[in-house]
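What follows is a single structure, written as structure tokens, with notes after it.
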Amino acid sequence: MTSVLDLAPVVPVVVLQDVADAVPLARALVAGGLPAIEVTLRTPAALDAIRAIAAEVPDALVGAGTVITPEAVAESVAAGARFLVSPGWSDRLLDAMRASGVPFLPGVSTTSEVVTLLERGVTEMKFFPAEAAGGTAYLKSLAGPLPRARFCPTGGITSASAPSYLALPNVGCVGGTWMLPQDAITTHDWPRVQALAKAAATLRG
């Protein structure tokens, strides 16, 4: 099973209000070098957006974010999501994600949550909300005692702060929205999105 953490240094976290924007936005991100795209289940358009990207942008690896119920797991996979991301986890949600057959990143923000997931055989996680939960200093402190855990930090990360996260040995990629300025989406300025994605794709240096 492909690791989401190794596809690209940055996973765009997409919030779509209009399903018509899904395909051109995904094409711009892929053309810029960011093939793993997390569409968050925060809007009524989300599942249809995932469905459209899965059907029309074959080079994209589209996933569902803000997955917080087993029902959302099933709906996301049925729509074509090829990975799942949650802001947190429960036993019921973790069981559903594990049974889905696609890669998943359960969200953590404490050492105890990380240890509990490691006990259950889960080594790849979302660290959320990254900046509010301690940022790079917190993740660096986890690397020593918990070297098996790898993270995709998301929440408050910018193009300026992303390289410091990506330099950590236990960070595979980061999630962010800075390559998705709202005015560019509103005006359908896909070349601008592609240019920002291209810059983000080179952040690991």
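Here the sequence shown is numbered in this note's numbering, starting from 8 and rising by one per residue. All residues carry an ideal CB built from backbone N, CA and C; glycine is no exception. Here the structure is a predicted model, which means the values were calculated and not measured.
1. Am I right that S83 and A67 are in contact with their C-beta atoms under 8 Å? What's the rounded C-beta distance?
2. Does T143 come out as helix, strand or coil in the three-state DSSP assignment?
3. Please give the ranges of any beta strand (DSSP E) in the stretch 91-178, keeping only runs that are unbroken, at least 3 residues long and fully inside the region.
4. State the DSSP-derived secondary structure class of A67, mapped to helix, strand or coil.
5. Can you give the Cα-Cα distance for T118 and C180, rounded to whole angstroms?
6. Any idea if Q189 is buried or exposed, counting beta-carbon neighbours within 10 angstroms, 16 or more meaning buried?
7. Which residue's Cα is closest to the Cα of A35: P65, R58, V74, C159?
8. Straight-line CA distance for D28 to L41?
9. Would you decide whether T209 is buried or exposed? Buried here means 16 or more other CB atoms lie within 10 Å of its CB.
10. Mapping DSSP to helix, strand and coil, what is A15?
11. Using CA coordinates, which residue listed in V26, V18, W96, D13 is at the minimum distance from M186?
12. DSSP beta-bridge partners for T47?
13. Taking the continuous alpha helix (DSSP H) assigned at V37, which residues delimit it?
14. Which residue or residues does DSSP assign as beta-bridge partners of V181?
15. When burial is assigned at 16 or more other CB atoms within 10 Å of the CB, is G128 buried or exposed?
16. Under the assumption that F135 contacts S116 (Cβ atoms under 8 Å), give the Cβ distance between them as a whole number of angstroms.
17. Locate the alpha helix (DSSP H) running through S83, then write down its first and last residues.
18. Here's the rule: buried if 16 or more other CB atoms are within 10 angstroms of the residue's CB, otherwise exposed. What is R99?
19. For V30 and V20, I'd like the C-alpha separation in whole angstroms.
20. Candidates A103, I192, P152, D25: which alpha carbon is nearest A52's?
21. Please classify G108 as buried or exposed, where buried requires at least 16 neighbouring CB atoms within 10 angstroms.
Short version:
1. For this step, residue 83 is matched to residue 76 along the sequence shown. For this step, residue 67 is matched to residue 60 along the sequence shown. About 15 Å separates the two Cβ atoms, so there is no contact after all.
2. Within the sequence shown, the letter at position 136 stands for residue 143. Helix, per DSSP.
3. 131-134, 157-160
4. In the sequence shown, residue 67 corresponds to position 60, counting from 1. Looking at A67 - three-state DSSP - the assignment turns out to be coil, as it is neither helix nor strand.
5. Within the sequence shown, residue 118 is the residue found at index 111, counting from 1. Within the sequence shown, residue 180 is the residue found at index 173, counting from 1. In a straight line, the C-alpha of T118 is about 19 Å away from that of C180.
6. Counted from its first residue, the sequence shown places residue 189 at position 182. By the 10 Å Cβ count, Q189 comes out exposed.
7. Working through the sequence shown from its first residue, we reach residue 35 at position 28. That would be P65, whose Cα lies nearest to the Cα of A35.
8. Your numbering for residue 28 matches position 21 in the sequence shown. Your numbering for residue 41 matches position 34 in the sequence shown. Their Cα atoms are separated by approximately 17 Å.
9. The count along the sequence shown starts at 1 and reaches residue 209 at position 202. Exposed, by the Cβ-count rule.
10. Residue mapping note: residue 15 aligns to position 8 of the sequence shown, counting from 1. In the structure shown, A15 sits in coil (DSSP, three-state: anything other than H, G, I, E or B).
11. If you number the sequence shown from 1, residue 186 lands on position 179. Taking only the C-alpha atoms, the option nearest M186 is V18.
12. What you label residue 47 is simply residue 40 of the sequence shown in a count that begins at 1. DSSP, once it has assigned bridges, lists G72 as partnering T47.
13. The sequence position of residue 37 within the sequence shown is 30, counting from 1. Where V37 is concerned, the enclosing alpha helix (DSSP H) stretches over 29-38.
14. As a first step, residue 181 is located in the sequence shown; it is residue number 174 there, counting from the start. Note: V181 sits in a beta bridge opposite V17.
15. Taking the first residue of the sequence shown as position 1, residue 128 is located at position 121. Exposed, because fewer than 16 other Cβ atoms sit within 10 Å of the Cβ of G128.
16. Position 128 of the sequence shown, counted from the start, is the residue given in the question as residue 135. Position 109 of the sequence shown, counted from the start, is the residue given in the question as residue 116. That belief holds up - the Cβ atoms of F135 and S116 are roughly 6 Å apart, short of 8 Å.
17. Residue mapping note: residue 83 aligns to position 76 of the sequence shown, counting from 1. First-last of the alpha helix (DSSP H) with S83: 77-86.
18. Within the sequence shown, numbered from 1, the residue matching residue 99 stands at position 92. By the neighbour-count rule (16 or more Cβ atoms within 10 Å), R99 is not buried but exposed.
19. Taking the first residue of the sequence shown as 1, we reach residue 30 at position 23. Taking the first residue of the sequence shown as 1, we reach residue 20 at position 13. The straight-line gap from Cα to Cα measures roughly 15 Å.
20. Here residue 52 refers to the residue found at position 45 when the sequence shown is read from its first residue. A52 has its Cα closest to that of D25, out of A103, I192, P152, D25.
21. One-based indexing of the sequence shown puts residue 108 at position 101. G108 comes out exposed.
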